[in-house]
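**Q** The structure that follows is given in the form of structure tokens.
Next comes the structure, spelled out in structure tokens:
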């Protein structure tokens with residue numbers, strides 16, 4: 247069960263170029279997705295299996311996708327850097343950072359949080375994680391991660407944050423915590 251659909255956008259027209267189907271019987275495959283800037287690397291999370299599946303787009307005429315890896319420490323949230331070389335997965339308590347070289351994935355760090363949301367800067371050197379208790383922002387230097395900032399999400403505690411809040415970090419100095427719930431305390 248479950249799936250992820252990949253589209254290319256040309257002006258305001260979207261063309262479906264891929265359908266990624268679940269390798270398991272989970273109905274939540276596709277619950278979290280992320281893609282590199284060029285669209286060639288796609289990560290798809292499958293929370294019940296605690297796995298994230300990584301796909302690569304071929305350069306053939308049809309631009310098909312093939313599975314190149316399975317990451318086994320998280321599927322609740324996924325994030326791919328713009329170049330597709332850094333992939334972050336999250337489970338209920340932590341996030342794992344992987345470096346990719348071809349179809350080889352190497353775990354280079356485990357960070358606190360991520361069950362609610364994870365994101366990374368375009369170069370994968372700044373990583374944000376969020377859980378129901380708060381958020382963390384890490385700076386990466388090589389394979390070392392430094393906690394740069396952290397905080398509480400206490401003004402968002404009037405609803406189930408596990409399904410309604412996302413952290414997005416795609417700029418050099420901007421952090422966005424978003425919620426689709428009205429009356430959540432954000433002003």
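Numbering (the working numbering), first residue to last: 247 to 433.
Glycine is no exception: its CB is placed at the ideal position from the N, C-alpha and C atoms.
Treat the numbers as computed from the prediction; the structure is a model and nothing was measured.
(1) Roughly how many whole angstroms lie between the Cα atoms of residue 277 and residue 292?
(2) Is the region 355-364 in contact with the region 384-394, if contact means three or more CB pairs nearer than 8 Å?
(3) Can the beta-carbon of residue 296 be found closer than 9 Å to that of residue 274?
(4) Please list, in chain order, all residues of the same chain as residue 375 whose beta carbon is under 6 Å from its beta carbon, the five residues on each side excluded.
(5) Specify the secondary structure class of residue 341 as computed by DSSP and reduced to three states.
(6) My output table needs one value for residue 353: the three-state DSSP class, helix, strand or coil.
(7) Assign residue 350 to one of two classes, buried (16 or more other C-beta atoms within 10 Å of its C-beta) or exposed (fewer than that).
(8) Just the C-alpha distance for residue 288 and residue 261, rounded to the nearest angstrom, thanks.
(9) Name, in chain order, the residues that DSSP records as bridge partners for residue 364.
(10) Tell whether a beta-carbon distance below 9 Å holds between residue 366 and residue 335.
(11) Can you pull the DSSP bridge partners for residue 391?
(12) Out of 257, 301 and 253, point me to the one whose CA is closest to residue 330's CA.
(13) Got a sec, what are the start and stop residues for the beta strand (DSSP E) residue 250 sits in?
(14) DSSP has residue 396 in a bridge; who is on the other side?
(15) Sort out for me which residues DSSP pairs residue 300 with in a bridge.
(16) Could you pull the DSSP bridge partners for residue 347 from this structure?
(17) Considering only DSSP beta bridges, list what residue 283 is partnered with.
(18) Could you pull the DSSP bridge partners for residue 335 from this structure?
(19) Compare the beta carbon distance of residue 372 and residue 325 with 9 Å and say whether it is the shorter of the two.
**A** Taking the coordinates as given:
(1) 7 Å
(2) yes
(3) no
(4) 341, 357, 359, 360, 364 and 382
(5) strand
(6) strand
(7) exposed
(8) 17 Å
(9) 375
(10) no
(11) 386
(12) 301
(13) 249-256
(14) 382
(15) 289 and 315
(16) 350
(17) None; residue 283 has no bridge partner.
(18) 324 and 342
(19) no
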